[in-house]
Amino acid sequence: MILSPQEQLSQSALASLQAQRLTWTVRHAYDHVPFYRRLLDGAGRKPREGMRPEDVRDLPFTRKQDLRDQYPFGLFAVDRKDVARIHASSGTRGKPTVVGYTKGDLAVWAECCARALALAGAEPGDLLHNAYGYGLFTGGLGLHQGAEFLGLTVVPASGGATQRQVQLLTDFGADGISCTPSYLLNIADAIEAAGVPRSALRLRYAVLGAEPWTEEMRRQIEERLGVDAVDIYGLSEVIGPGVACECREEKHGLHLMEDHFLVEVLDPQSGEPVEDGEVGELVFTSLTKEAFPLIRYRSGDLASIDRTPCSCGRSTARMSRIKGRTDDMLIIRGVNVFPSEIEAVLLRQPDIAPHYQLVVYRVRNLDVLEVRAELTAEFVQRHRVDSEVARALAARVVEAVRGEIGVGVEVQLLAPHSVPRSEGKAVRVQDLRNA
Ligand code: DLL
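Mapping the sequence shown onto numbering that gives the first Met the number 0, position 231 (from 1) lands on 230, and the numbers just tick up by one.
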């Protein structure tokens with residue numbers, strides 16, 4: 000197991016490092032980004048010496064809309080010529096969010112991703128099959144550089160061409176794989192369809208993130224592929240993948256790279272901090288970023304934080320899995336529903352495959368939440384899709400969802416391969432109410 004000294008700092012050593020870096024970041028943003036100068040002046044918060052980490056609470060927030068308004072380079076704090084790389088996240092609405100990195104930022108990011116891979120159990124000399132998309136998306140190049148930093152051999156497979164992924168995984172004998180969890184399930188299907196036995200794979204670990212997933216999904220992936228599957232989190236605005244990652248030892252909370260990012264968990268409505276262990280919105284302040292400093296960025300991601308020590312030996316705080324987003328919560332007839340809650344119910348049914356979509360529409364002004372999920376291939380070998388047994392299963396799912404979240408849903412159980420497969424982030428929800 001590889002541990003870096005920054006992951007083992009005492010609380011006081013971490014606080015003093017964060018204090019010094021926060022002071023630098025606020026000064027840097029104020030001096031070089033007109034947006035931040037206006038924002039901080041407007042809030043009466045000029046940069047000052049000797050900030051403490053908790054002083055971040057006095058600063059104003061940065062929001063997604065601010066990033067959109069400054070498209071493309073308005074938030075860069077260095078000359079464009081000193082920006083070594085640009086990434087962007089697509090987003091569903093309008094212009095993408097553009098972020099930039101100096102050479103120094105790229106080095107920090109590589110180190111964060113190297114730490115994440117080490118958290119998953121990677122060791123120098125391993126072969127990593129990286130099936131995150133390469134390109135403007137931060138997943139591919141982010142993990143790639145992290146793997147090189149740690150001394151792995153990287154196969155830059157990128158997403159797609161799933162048959163070829165299976166061939167490369169078996170022929171090259173990858174020790175680890177990195178991709179979205181939904182894509183790994185897609186690959187697992189292809190491995191099984193090709194009749195490749197588990198013994199032909201050498202995989203020990205999978206570094207999965209970029210989209211929400213559940214413990215049920217982890218169990219399936221670990222069983223089917225014989226790997227330790229850990230959750231990696233990040234967002235382009237903050238740096239990309241490598242903001243936090245679970246350790247293989249506990250798989251209970253994602254260790255935050257607190258020497259580079261200051262994390263707050265706030266009540267999304269009031270903006271006030273919530274207690275440790277309570278779910279709130281993650282708000283990030285970068286501590287070392289040169290090209291794209293970020294002050295109190297409202298991520299929209301909901302999670303809780305745990306500061307108790309971890310058996311893996313790291314002293315960094317751990318965030319929970321992402322419980323949902325402030326903006327992907329579905330409100331169905333007045334009830335708040337997170338897609339992950341429904342996923343958990345579906346994946347507890349052995350006859351249902353982990354491929355599903357939620358479709359929301361209105362019938363006579365009433366919200367209908369339709370759960371479309373696939374039956375397993377074994378099930379359809381034994382029963383027809385429209386059989387009595389399948390109908391009884393659908394009725395059980397309806398009851399289980401009602402028991403779990405208190406809303407009635409329509410359940411459509413479909414033949415295998417009816418739900419579109421993802422090669423990157425899965426599209427789980429189609430909300431047609433305003434279409
Ligand atoms: O998805 C960065 C990334 C790449 C993370 C590869 C992990 C692995 P964006 O495209 O900017 O960046 O999307 C960021 O994706 O705000 C979350 O809502 C969601 N997200 C990322 N990781 C997780 C995760 C990358 N482990 C947005 N669990 C974030 C749940 C996640 N949601």
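Don't be surprised by glycine CBs; every beta carbon is placed ideally from N, CA and C. Fair warning: this is a prediction, and the values are worked out from it, not measured in the lab.
Proximity below 7 Å, CB of residue i to CB of residue j
i, j, result
"ILE330", "VAL406", "no"
"VAL229", "GLU245", "yes"
"LEU265", "THR315", "no"
"HIS86", "SER235", "yes"
"THR152", "LEU126", "yes"
"GLU373", "VAL418", "yes"
"LEU202", "VAL165", "no"
"VAL428", "LEU357", "yes"
"ARG317", "LEU253", "yes"
"SER303", "GLU342", "no"
"ASP521", "THR101", "Absent from the model: residue 521. The displayed extent of the chain is 0 to 434, so no value can be given."
"GLY134", "GLY158", "no"
"LEU142", "PRO240", "yes"
"HIS128", "ALA156", "yes"
"LEU183", "ALA209", "no"
"PHE34", "GLN69", "yes"
"GLY175", "ALA121", "yes"
"VAL410", "VAL396", "yes"
"TYR29", "ARG37", "no"
"ARG295", "LEU58", "yes"
"LEU286", "ARG20", "yes"
As assigned by DSSP and simplified to three states, the class of residue i
i, result
"LEU293", "coil"
"GLY43", "coil"
"GLY241", "strand"
"VAL262", "strand"
"ARG350", "With the sequence shown as reference, residue 350 is identified as Asp, and Arg is not the correct amino acid for it. DSSP places ASP350 in coil when its eight states are reduced to three."
"HIS254", "strand"
"LEU38", "helix"
"VAL408", "coil"
"GLU215", "helix"
"SER303", "coil"
"ILE190", "helix"
"PHE283", "strand"
"GLN356", "strand"
"ILE321", "coil"
"ILE1", "coil"
"TYR100", "strand"
"VAL32", "coil"
"ASP81", "helix"
"HIS128", "strand"
"GLN19", "helix"
"GLN429", "strand"
"ARG332", "coil"
"ASP385", "coil"
Buried versus exposed call for residue i [16 or more other C-beta atoms within 10 Å across all chains shown]
i, result
"ALA434", "exposed"
"PHE283", "buried"
"HIS416", "exposed"
"GLY99", "buried"
"ALA394", "exposed"
"ASP40", "exposed"
"GLU377", "exposed"
"PRO353", "buried"
"ARG363", "exposed"
"PHE72", "exposed"
"LEU8", "buried"
"VAL107", "buried"
"ARG218", "exposed"
"PRO180", "buried"
Proximity to residue i [Cα-Cα], best of the options
i, options, result
"ALA76", "ARG56, LEU301, VAL25 and THR96", "VAL25"
"ILE321", "CYS309, GLY312, PRO338 and SER310", "PRO338"
"GLU48", "ALA18, CYS311 and LYS94", "ALA18"
"ASN435", "TYR204, MET216 and SER198", "A query on residue 435 cannot be resolved here, the shown segment of the chain reaching from 0 to 434 and no further."
"ARG324", "LEU224, VAL408 and PRO211", "PRO211"
"PRO123", "ASP81, ASP104, GLY145 and GLY132", "GLY145"
"ARG297", "ALA192, LEU286, ARG62 and GLU289", "ARG62"
"SER198", "THR179, LEU224, ALA189 and ASP65", "LEU224"
"GLU110", "SER89, GLY150 and PHE136", "GLY150"
"MET0", "ASP68, PHE291, ALA119 and ASN335", "ALA119"
"MET328", "THR375, PRO308, LEU38 and GLU280", "GLU280"
"GLU249", "GLN64, VAL397 and CYS311", "CYS311"
"LEU413", "VAL379, TYR29 and ILE404", "VAL379"
"ALA12", "ARG51, SER421, SER88 and GLU422", "ARG51"
"SER88", "GLU387, THR137 and SER9", "THR137"
"THR375", "ASN364, PHE260, ARG347 and VAL55", "ARG347"
"SER177", "ALA28, GLY139, ARG84 and GLU274", "GLY139"
"SER3", "PHE72, LEU116 and HIS27", "LEU116"
"HIS251", "GLU222, ARG313 and GLU289", "ARG313"
Residue-chain proximity (residue i, chain C), Cβ-Cβ < 7 Å
i, result
"ARG347", "The structure shown contains no chain C; it is built from a single protein chain."
The ligand NAP heavy atom lying under 6 Å from the CB of residue i
i, result
"LEU135", "As for the ligand NAP, it is missing from this structure, which binds only the ligand DLL."
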